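*Asks:* Please see the structure below; I have some questions.
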Amino acid sequence: MAITAEVLYDILGKRYEDAYATSPNLCATVESAIKMLDPNSTILDVGCGTGKPVSHMLASAGHDVSGIDISQHMVDIATAQVPGGHFQKADMRTYEPSRHFDAVFSVYSMYQISPGETYAMVFRLAEWLKEGGILVLGVTSSTSLLAGLGEYDATWDCVRVMNRRWMAQLTNQVFFSIERWKRLLESAGLAVLDVRQFTYRPDDPDHRVREEHSLIIARKAARKAASLPFLGPYPIPQGQHVPYHLNGPSWSQLSNRMDYTVLDSMLKNYTRGGRSLLLKNSNEGFSLTVDTMGQAKEYTMQFREDIPFPDGQFESVTAVSTLNHVDSITKTLRDAPGGAPWNELVQFQNAICTPLMKNNGASPNHQGYLLDIAAKYLLDHGFGHIELKQVPVRCEFTDSVVDNSTVASEIIAGLRYSADPNLEKMKERLIPQLQMHFQGTPGVIGCDMIMLVASPSTTTGCA
Ligand SMILES: C[S@@+](CC[C@H](N)C(=O)[O-])C[C@H]1O[C@@H](n2cnc3c(N)ncnc32)[C@H](O)[C@@H]1O
646 MAITAEVLYD ILGKRYEDAY ATSPNLCATV ESAIKMLDPN STILDVGCGT GKPVSHMLAS
706 AGHDVSGIDI SQHMVDIATA QVPGGHFQKA DMRTYEPSRH FDAVFSVYSM YQISPGETYA
766 MVFRLAEWLK EGGILVLGVT SSTSLLAGLG EYDATWDCVR VMNRRWMAQL TNQVFFSIER
826 WKRLLESAGL AVLDVRQFTY RPDDPDHRVR EEHSLIIARK AARKAASLPF LGPYPIPQGQ
886 HVPYHLNGPS WSQLSNRMDY TVLDSMLKNY TRGGRSLLLK NSNEGFSLTV DTMGQAKEYT
946 MQFREDIPFP DGQFESVTAV STLNHVDSIT KTLRDAPGGA PWNELVQFQN AICTPLMKNN
1006 GASPNHQGYL LDIAAKYLLD HGFGHIELKQ VPVRCEFTDS VVDNSTVASE IIAGLRYSAD
1066 PNLEKMKERL IPQLQMHFQG TPGVIGCDMI MLVASPSTTT GCA
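Using the numbering used here, the first residue of the sequence shown is number 646, and each one after it goes up by one.
This is the structure we're talking about:
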């Protein structure tokens, strides 16, 4: 049975450094990155390991280095051997830095997270950078793996290797091609500046096989739309907003499985005090909740109706996943969560179902398209500040009686494509992809959202 990254690196500790830290190409790439940075730059080393060579070289060059790692043992070693560095135990998938950085390094630290989490991490790393900041990634290309090793995953265009013996331990690993990495980085608003590919032979008695390593340097765009990675994936499509109506039964099955705990507590933070309006999807239209000092009143309305309240009535207005369905976005706009660029449920629709649509030419779902329109509209209409927040939402498939992959395939295909003649083919293609997905993440499909918060203030800061 494969072990987690935390257990693996708690076991390996210094042995990992002894095997890998002498890579001349890694040291040369860190040197190149140092030349691109201003003195005293702020740097985050994600999956910092023992701190050598990366954090150590950066701190020795006079930069302000912070590092996170999921293994306490690695954090302790880094703290002991990188003077001036600040290291803490944290999982990169949930870590929320309190500032933005001039450079972020993630060197060989994303093999043991799921493909969807890898997509999420690229957008999150981009978000953590200042405009013009540098990202340095260390990866292994899927194209360098031995033939027959692992299984191709068409949803995410990657190779998953389960139960692989590496440094004498069993691990599950995920690999993307360099072309896929480049497209992924670009979709998060980063420009790829340099890719170095080389072979490296680790210096370890149990692990002397040559490996192909790649180091990628990318830069976050200077101030323009693409400096807001969470509006991605970039480029944002041009064109008309075409409203689509969710298939009622599929939507109600899906919404019963969604865990909105985090969203609800985030919304409470924004809607404290005063009179507030909350718009949510219901099966046939919107449900409206008007809350006046804790007294809630519910209304329902059809998608095509106008919202039945005059302007200037509310301290806060919240619209959750509603913009896709209205005829005029600008009529409905206030504060609207949309899908995160790495949303797993949307990825299943786009990668597996959309290519099978009978009347092809229909464009895939784009998570940030509506929020991009919303951001521009709100900035033009008196809201001086736009903030984008990640909202984790899990969709749970843990029915014990029926196969989860079959249930999930019916809901995912049924949501948008219930009238398509190829609906059955879509479900058939989805089932093996979902089975592969559930091996890595049993019973859960990520349905993360992005919350756009527009406020009149220009004082609070955001990337
Ligand atoms: C292959 S080592 C590389 C260490 C270091 N970046 C280097 O190049 O020397 C991968 C590191 O990433 C860390 N890591 C793996 N998954 C992580 C996660 N989800 N969050 C934080 N760190 C993680 C591991 O604990 C390990 O120290």
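Beta carbons: idealized from backbone N, C-alpha and C, even for Gly.
No experiment lies behind these values; they were computed from the predicted model shown.
1) Tell me, please, which residues DSSP counts as bridged to F843.
2) Taking only heavy atoms of ligand 1 into account, decide whether any of them is closer than 7 angstroms to the Cβ of M1120.
3) Reducing DSSP to helix, strand and coil, say where W773 ends up.
4) Please name the residue in M755, F843, V854 whose C-alpha comes closest to that of L860.
5) Under three-state DSSP, which class holds W826?
6) Can you tell me the Cα-Cα spacing of D798 and V691, whole angstroms?
7) Buried or exposed: where does P878 fall if 16 or more other Cβ atoms within 10 Å of its Cβ makes it buried?
8) Can the beta-carbon of S927 be found less than 8 angstroms from the beta-carbon of T906?
9) For H1030, which residues does DSSP report across the bridge?
10) Indicate the three-state DSSP secondary structure (helix, strand or coil) for A996 in the structure shown.
11) Take the Cβ of K1003 as the centre, count every other Cβ of all protein chains shown within 10 Å, and call the residue buried at 16 or more, exposed below.
12) Could you spell out the range, first to last residue, of the beta strand (DSSP E) harbouring H1082?
13) Whole angstroms is fine: what's the gap from I1090's alpha carbon to E762's?
14) Work out the CA separation of E1073 and N1067 for me, nearest whole Å.
15) Just to check, is the beta-carbon of S859 closer than 7 angstroms to a non-hydrogen atom of ligand 1?
16) On the premise that T785 lies in contact with E856, defined as a C-beta separation below 8 angstroms, what is that separation, rounded to the nearest angstrom?
17) Hey, is S716 close to ligand 1, as in C-beta under 7 angstroms from one of its heavy atoms?
18) Could you tell me which residues DSSP pairs with H1118 in its beta bridges?
19) Measure the beta-carbon distance from I688 to A765 and round it to whole angstroms, keeping in mind my assumption that it falls under 8 angstroms.
20) Provide the residue(s) that pair with G1088 in DSSP beta bridges, ordered along the chain.
21) Restricting to Cα atoms, I'd like to know which of Q757, I1095, D683, H708 is closest to L908.
22) Suppose contacts are defined by Cβ-Cβ distances below 8 angstroms. Is S1050 in contact with I1076 by that definition?
23) Taking DSSP as the reference, what is the three-state secondary structure of N866?
24) Quick check: what's the CA-CA separation for V781 versus P880?
25) Go ahead and label K1021 buried or exposed: buried means 16 or more other beta carbons lie within 10 angstroms of its beta carbon, across all protein chains shown.
26) Kindly indicate which residue of Y756, D714, L671, T739 has the alpha-carbon position closest to the one of F732.
27) If you draw a straight line from the C-alpha of Q1012 to the C-alpha of S1054, how long is it?
28) On the premise that M702 lies in contact with C672, defined as a C-beta separation below 8 angstroms, what is that separation, rounded to the nearest angstrom?
29) When DSSP labels each residue in this structure, what does Q717 get in the three-state scheme?
30) When the distance is taken between beta carbons, is S716 closer than 8 angstroms to G654?
31) Can you check DSSP and say which residues form a bridge with N685?
32) Could you say which of T937, D802, G778 lies nearest to L829 if we only look at CA atoms?
33) Which residues in the same chain as G777 place their Cβ atom closer than 7 angstroms to its Cβ, once the five residues preceding and following it in sequence are excluded?
34) What are the start and end residues of the alpha helix (DSSP H) that includes N914?
35) Throw me the rounded Cβ distance for the S961 and S932 pair, which I believe falls under 8 angstroms.
36) CB-CB under 8 angstroms to G707, same chain, minus the five flanking residues each way: which ones, in chain order?
*Replies:* The relevant details are as follows:
1) Here residue 843 refers to the residue found at position 198 when the sequence shown is read from its first residue. H858, per the DSSP bridge assignment.
2) It is not possible to answer for residue 1120, since the shown part of the chain is limited to 646 through 1108.
3) If you number the sequence shown from 1, residue 773 lands on position 128. Residue state, collapsed to three classes: helix.
4) By 1-based counting over the sequence shown, the position of residue 860 is 215. Looking at the Cα atoms, F843 is the closest of the given residues.
5) As a working mapping, residue 826 is identified with position 181 in the sequence shown. In this structure, W826 counts as helix in the three-state DSSP scheme.
6) Translated into positions along the sequence shown, residue 798 becomes position 153. Translated into positions along the sequence shown, residue 691 becomes position 46. Taking the straight line joining both Cα atoms gives about 25 angstroms.
7) In the sequence shown, counting from the first residue as 1, residue 878 sits at position 233. Buried.
8) Position 282 of the sequence shown, counted from the first residue, corresponds to residue 927. Position 261 of the sequence shown, counted from the first residue, corresponds to residue 906. It is not a contact, given that the beta carbons lie outside the stated cut-off.
9) The count along the sequence shown starts at 1 and reaches residue 1030 at position 385. Per DSSP, S1100.
10) Position 351 of the sequence shown, counted from the first residue, corresponds to residue 996. In this structure, A996 counts as helix in the three-state DSSP scheme.
11) Translated into positions along the sequence shown, residue 1003 becomes position 358. It is exposed - the Cβ of K1003 has fewer than 16 other Cβ atoms within 10 Å.
12) As a position in the sequence shown, residue 1082 is number 437, starting the count at 1. No beta strand (DSSP E) contains H1082, which is instead part of the alpha helix (DSSP H) from 1068 to 1085.
13) The residue labelled residue 1090 in the question sits at position 445 within the sequence shown. The residue labelled residue 762 in the question sits at position 117 within the sequence shown. If you take the alpha carbons of I1090 and E762, they lie about 11 angstroms apart.
14) Here the question's residue 1067 lines up with position 422 in the sequence shown. Here the question's residue 1073 lines up with position 428 in the sequence shown. One C-alpha to the other measures close to 10 angstroms.
15) Looking up residue 859 in the sequence shown gives position 214. Every heavy atom of ligand 1 is 7 angstroms or more from the Cβ of S859, so no.
16) Mapped onto the sequence shown, residue 856 falls at position 211. Mapped onto the sequence shown, residue 785 falls at position 140. Right, the Cβ-Cβ distance comes to about 6 angstroms (below 8 angstroms), so this counts as a contact.
17) On the sequence shown, residue 716 is found 71 positions in, with the first residue counted as 1. For ligand 1, at least one heavy atom lies less than 7 angstroms from the Cβ of S716.
18) In the structure displayed, the chain extends from 646 to 1108; residue 1118 sits before or after that span and is not available.
19) In the sequence shown, residue 688 corresponds to position 43, counting from 1. In the sequence shown, residue 765 corresponds to position 120, counting from 1. Rounded to the nearest angstrom, the Cβ distance from I688 to A765 is 21 angstroms, too far for a contact under 8 angstroms.
20) Within the sequence shown, numbered from 1, the residue matching residue 1088 stands at position 443. None, per the DSSP bridge assignment.
21) In the sequence shown, the residue the question calls residue 908 occupies position 263. The option with the nearest alpha carbon to L908 is I1095.
22) Sequence index remark: in the sequence shown, residue 1050 carries index 405 (1-based). Sequence index remark: in the sequence shown, residue 1076 carries index 431 (1-based). Yes, these two residues count as a Cβ contact at 8 angstroms.
23) For the purposes of this step, residue 866 is taken as residue 221 along the sequence shown, with counting starting at 1. Looking at the sequence itself, residue 866 is Ala, so the reference to Asn does not match. The answer is coil: DSSP assigns A866 none of H, G, I, E or B.
24) Walking along the sequence shown from the start, residue 781 turns up at place 136. Walking along the sequence shown from the start, residue 880 turns up at place 235. Distance between the alpha carbons of V781 and P880 is about 22 angstroms.
25) Looking up residue 1021 in the sequence shown gives position 376. It is exposed - the Cβ of K1021 has fewer than 16 other Cβ atoms within 10 Å.
26) Taking the sequence shown and counting its residues from 1, one reaches residue 732 at position 87. It is D714.
27) Locating residue 1012 in the sequence shown gives position 367, where the first residue counts as 1. Locating residue 1054 in the sequence shown gives position 409, where the first residue counts as 1. When rounded, the distance between both Cα atoms is 20 angstroms.
28) If you number the sequence shown from 1, residue 672 lands on position 27. If you number the sequence shown from 1, residue 702 lands on position 57. That pair is a contact at about 7 angstroms.
29) As a working mapping, residue 717 is identified with position 72 in the sequence shown. In this structure, Q717 counts as helix in the three-state DSSP scheme.
30) Sequence index remark: in the sequence shown, residue 654 carries index 9 (1-based). Sequence index remark: in the sequence shown, residue 716 carries index 71 (1-based). Note that residue 654 is Tyr in the sequence shown, not Gly. Result yes, Cβ atoms of Y654 and S716 sit closer than 8 angstroms.
31) Position 40 of the sequence shown holds residue 685. Looking at the DSSP assignment, N685 forms no beta bridge with any residue, so it has no partner.
32) Numbered from 1 along the sequence shown, position 184 holds the residue referred to as residue 829. Comparing Cα-Cα distances from L829 to each of T937, D802, G778, the minimum goes to D802.
33) Numbered from 1 along the sequence shown, position 132 holds the residue referred to as residue 777. Cβ within range, chain order: R864, K865, A867.
34) The count along the sequence shown starts at 1 and reaches residue 914 at position 269. Run containing N914: 906 to 915, per the alpha helix (DSSP H) assignment.
35) What you label residue 961 is simply residue 316 of the sequence shown in a count that begins at 1. What you label residue 932 is simply residue 287 of the sequence shown in a count that begins at 1. Incorrect: roughly 17 angstroms between the Cβ atoms, too far for contact.
36) On the sequence shown, position 62 is the one that residue 707 refers to. Same-chain partners within the cutoff: P684, N685.
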